[in-house]
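Asker: I have a structure I would like to understand better, so I am pasting it below and will then ask my questions one at a time.
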Amino acid sequence: MKRYLARRLASLLPVALGVATLTFALIHLIPGDPVVAMLGENASPADIVGLRHQLGLDRPLLDQYGAFLYGLAHGDLGRSISTHEPVARLIAERFPATLELALAGLLVAILMALPLGLAAGANPGRPIDLGAMGFAILGVSVPHIYLGPLLMIVFSLDLRWLPLTGRGGLAHLILPALTLGTALAAILARMLRQSLVSVAAADYMRTAASKGLSRRAALLRHGLRNALTPMVTLLGLQFGALLTGTIVIEMIFSWPGLGRLMIGAISARDYPLVEGCVLTFALTYVVVNLLTDLAYGLIDPRIRME
Amino acid sequence: MKRRASNVSLLLGASLVAALVLSAVFGPMLVGSNPEAIDLAHALAAPSRDHWLGCDALGRDILARILWGARISLGVSTVVIALSLIAGSLIGGFAAMAGGRVDEIVMRAVDIVLAFPGFLLAITLAAILGPGLVDLIIALAAMGWTGYARLVRGELLTLRERDFAQAARALGAHPARILFRHLLPALSGPVMVQASFGVGGIIIAEAALSFLGLGVLPPAPSWGNMLDSGRAFLLVAPHLTTAPGVAIGLAVLGFNLLGDGLAQLVDSYRR
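So the protein lines, in turn, are chains A and B.
At position 223 of the first sequence the residue is numbered 223 (the numbering used here), and the sequence of numbers has no breaks.
At position 267 of the second sequence the residue is numbered 1267 (the numbering used here), and the sequence of numbers has no breaks.
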């Protein structure tokens, strides 16, 4: 396992570098002048030159890229144009809220998907299967931007059970996490059902039955275990969507996280801050993919032997 | 049993998509009201005989805006899917056919883009390019092409070794002929399945970008910006959010069901 870990960690670096380069390229190579955009069309040429110099945009691109990587390696992402605070500090303040939301969404997805997928997978073709899978296809079809307001209308405005917006205790987390996790729950439940149905005919399931294990026990002990690897794969792949889903959800529920910071920075044309936020999101996803790979090694010993 | 389930998905999906296309094409003409005509006397009006889905905060007819929004939503997602499909197929096909070093370099580049969450890429591009229809399409296509590149490359690599391709090669067919006459038709099934699911994803992403103010800007009607402007009136006029929300949900549901049905159809053919 140690060697597996070392190899995985070593493979992290080129991917992280690639992602950082892509972020830099997106912000710096796309046509359009951020300085003119920031100052407006009527800015004086002297102001434009001044701000360009202040941001280092008058230096050769390769110099800027080098400075960007050097800063990144030292945890320095520059300063925000609108507040003049270090970008790294602004991000560090907001990141925990986003992580909390994403993890809560993940938890909701797993908690919803397990019973749905198990019930459907154990009873293929029965009404409970059709019901669960009907819910699943609805779940992936309803967009966050509608599910969020819908839950707000029902649980905050009508029933008054839960707070409408903001971050606080557990009560504040429920609706945003539900909004975020539902689509993933639906995808996960479908996959779990598929996986259970396909192992039902496997030899070891027949063995389990012939040694007197009940169908339910066999399904839980062998079927679910077999579905674990594809489930982890799916969660790893879908975490990118979950993570970026927080951007919209934070706007709906006024959740003070990275997504709101980024959208605010985009409207203020605060490019260093936008760059820092994009980079943080992307690198988080890279780290999650690494964790997914490590989880494989834990679940399935065959993988780490390779 | 399996066959019937497939037909249900396919039938439901195809009907929903057909209804969507028909209302996008003919709906705006039938309803006739101008989706941008402001009529403050009817601000936040509830659904009535004159305005079937009610009016928004500026008294604009919601039904007209939904139908015009369908044009934008469907138009944008069709163009985006076509673009990502063409770009992805060309790049993936090129990598598969070139093989060796070239293949490795191209697929590494695809991996880097894939290591970047798709919606984040779209938001960043939309933020830098600025709002607008063309920029919106570029931003969404940038997020979609990688999937097709991978799919086309993978399928090509296996299809190339299949008997029918080997036979054509043995008969001395030109590589281009093998590609266009034999491999691409065999590839169309899985690509169609992915494209159908893809449309749903693009509809949601387009709505989300417009919701964030990075896509279609008001007063032009888009389902995403309608949801955004309706949010302020959740308590007094929930129909402002219900209409575009249900529209997006039905459209995505239609394409997802269609993808499901197509996947089962392709599966049964391949056996």
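The beta-carbon is built from N, C-alpha and C at its ideal position, and this holds for glycine as well.
State the Cα-Cα distance for the pair A/G117 and A/L220, rounded to the nearest angstrom.
Answerer: The sequence position of residue 117 of chain A within the first sequence is 117, counting from 1. The sequence position of residue 220 of chain A within the first sequence is 220, counting from 1. Their Cα atoms are separated by approximately 12 Å.
Asker: Quick check on DSSP: helix, strand or coil for B/D1061?
Answerer: Locating residue 1061 of chain B in the second sequence gives position 61, counting from the first residue. Here B/D1061 sits in strand by DSSP.
Asker: For A/S141 and chain B, any beta-carbon pair shorter than 8 Å?
Answerer: Residue mapping note: residue 141 of chain A aligns to position 141 of the first sequence, counting from 1. With 8 Å as the cut-off, A/S141 counts as an interface residue toward chain B.
Asker: Could I get the ranges of all uninterrupted alpha helix (DSSP H) runs contained in the region 37-85 of chain A, with 4 residues as the minimum, in chain order?
Answerer: Runs found: 45-54, 61-73.
Asker: Quick one: Cα of A/L151 to Cα of B/R1101, how far?
Answerer: In the first sequence, counting from the first residue as 1, residue 151 of chain A sits at position 151. In the second sequence, counting from the first residue as 1, residue 1101 of chain B sits at position 101. Using only the alpha carbons, I get a separation of about 52 Å.
Asker: When you compare the CB positions of A/T229 and A/D300, do they come within less than 8 Å of one another, or not?
Answerer: Start at 1 with the first residue of the first sequence, and residue 229 of chain A comes out as number 229. Start at 1 with the first residue of the first sequence, and residue 300 of chain A comes out as number 300. Going by C-beta atoms, A/T229 is nearer than 8 Å to A/D300.
Asker: At the level of alpha carbons, what is the spacing between A/L273 and B/I1137?
Answerer: Residue mapping note: residue 273 of chain A aligns to position 273 of the first sequence, counting from 1. Residue mapping note: residue 1137 of chain B aligns to position 137 of the second sequence, counting from 1. A/L273 and B/I1137: Cα-Cα distance of roughly 25 Å.
Asker: Can you have a look at B/F1164 and say buried or exposed, based on whether 16 or more other CB atoms are within 10 angstroms of its CB?
Answerer: Numbered from its first residue, the second sequence carries residue 1164 of chain B at position 164. Exposed, because fewer than 16 other Cβ atoms sit within 10 Å of the Cβ of B/F1164.
Asker: Smallest Cα separation from A/D203: which of A/A218, A/R190, A/A189?
Answerer: For the purposes of this step, residue 203 of chain A is taken as the residue at position 203 of the first sequence. Among A/A218, A/R190, A/A189, the Cα nearest to that of A/D203 is on A/A218.
Asker: Taking any Cβ of chain B, which residues in the region 232-254 of chain A have a Cβ under 8 Å from it, in chain order?
Answerer: Per Cβ criterion, the list reads G240, A241, L243, T244, G245, I247, V248, M251, I252.
Asker: Using 8 Å as the threshold, is the C-beta distance between A/A186 and A/A136 below it?
Answerer: On the first sequence, position 186 is the one that residue 186 of chain A refers to. On the first sequence, position 136 is the one that residue 136 of chain A refers to. Cβ distance < 8 Å, so A/A186 and A/A136 count as in contact.
Asker: Note down, in chain order, every chain A residue with its Cβ under 8 Å from the Cβ of B/R1231.
Answerer: Here residue 1231 of chain B refers to the residue found at position 231 of the second sequence. The answer, in chain order, is P149, I252.
Asker: If I'm right that B/G1054 touches B/I1062 with Cβ under 8 Å, what's the distance once you round it to whole angstroms?
Answerer: Translated into positions along the second sequence, residue 1054 of chain B becomes position 54. Translated into positions along the second sequence, residue 1062 of chain B becomes position 62. That belief holds up - the Cβ atoms of B/G1054 and B/I1062 are roughly 5 Å apart, short of 8 Å.
Asker: Below 8 Å between beta carbons: does that hold for A/P174 and A/V248?
Answerer: As a first step, residue 174 of chain A must be located in the first sequence, where it is residue number 174. As a first step, residue 248 of chain A must be located in the first sequence, where it is residue number 248. The sequence given here places Ile at residue 174 of chain A; Pro does not occur at that position. Contact: no.
Asker: Examine the Cβ distances between the region 161-169 of chain A and the region 1235-1251 of chain B and report whether three or more of them are shorter than 8 Å.
Answerer: Output reads no: the region 1235-1251 of chain B does not touch the region 161-169 of chain A.
Asker: Relative to the alpha-carbon of A/M251, which residue among B/G1261, B/T1242, B/A1243, B/D1228 has its alpha-carbon at the smallest distance?
Answerer: On the first sequence, position 251 is the one that residue 251 of chain A refers to. With distances taken between Cα atoms, A/M251 lies closest to B/D1228.
Asker: Looking at A/R79 and the ligand SAM, is the gap between the Cβ and the nearest heavy atom below 7 Å?
Answerer: With respect to the ligand SAM, the structure shown offers nothing to examine, as it has no ligands at all.
Asker: Show which residues of chain A have a CB atom less than 8 Å away from the CB atom of B/L1212.
Answerer: For this step, residue 1212 of chain B is matched to residue 212 along the second sequence. The contacting residues are I247, V248, M251, I263.
Asker: Apart from the five residues just before and just after A/L291, which ones in its own chain have a Cβ nearer than 6 Å to its Cβ?
Answerer: Counting from 1 along the first sequence, the entry for residue 291 of chain A is found at position 291. Counting only Cβ-Cβ distances below 6 Å, and skipping sequence neighbours, we find nothing.
Asker: Are the beta-carbon atoms of A/L184 and A/G121 separated by less than 8 Å?
Answerer: Translated into positions along the first sequence, residue 184 of chain A becomes position 184. Translated into positions along the first sequence, residue 121 of chain A becomes position 121. Not a contact, by the Cβ cut-off of 8 Å.
Asker: Among B/A1045, B/T1242, B/G1147, B/S1009, which has the Cα closest to the Cα of B/L1083?
Answerer: Residue mapping note: residue 1083 of chain B aligns to position 83 of the second sequence, counting from 1. Nearest C-alpha to B/L1083: B/G1147.
Asker: Would you mind stating whether A/A132 and A/A189 have Cβ atoms separated by less than 8 Å?
Answerer: As a position in the first sequence, residue 132 of chain A is number 132, starting the count at 1. As a position in the first sequence, residue 189 of chain A is number 189, starting the count at 1. The answer is yes: Cβ separation under 8 Å.
Asker: Take B/A1037 and list the residues in its own chain whose beta-carbon comes closer than 7 Å to its own, dropping the five residues that flank it on each side.
Answerer: On the second sequence, residue 1037 of chain B is found 37 positions in, with the first residue counted as 1. If we look at B/A1037 and ignore the five residues flanking it on each side, its Cβ neighbours are R1060.
Asker: By Cβ distance, which residues of its chain are closer than 6 Å to B/I1203, with the 5 residues on each side in sequence left out?
Answerer: Taking the first residue of the second sequence as 1, we reach residue 1203 of chain B at position 203. The answer, listed in chain order, is S1073, S1077, A1251, V1252.
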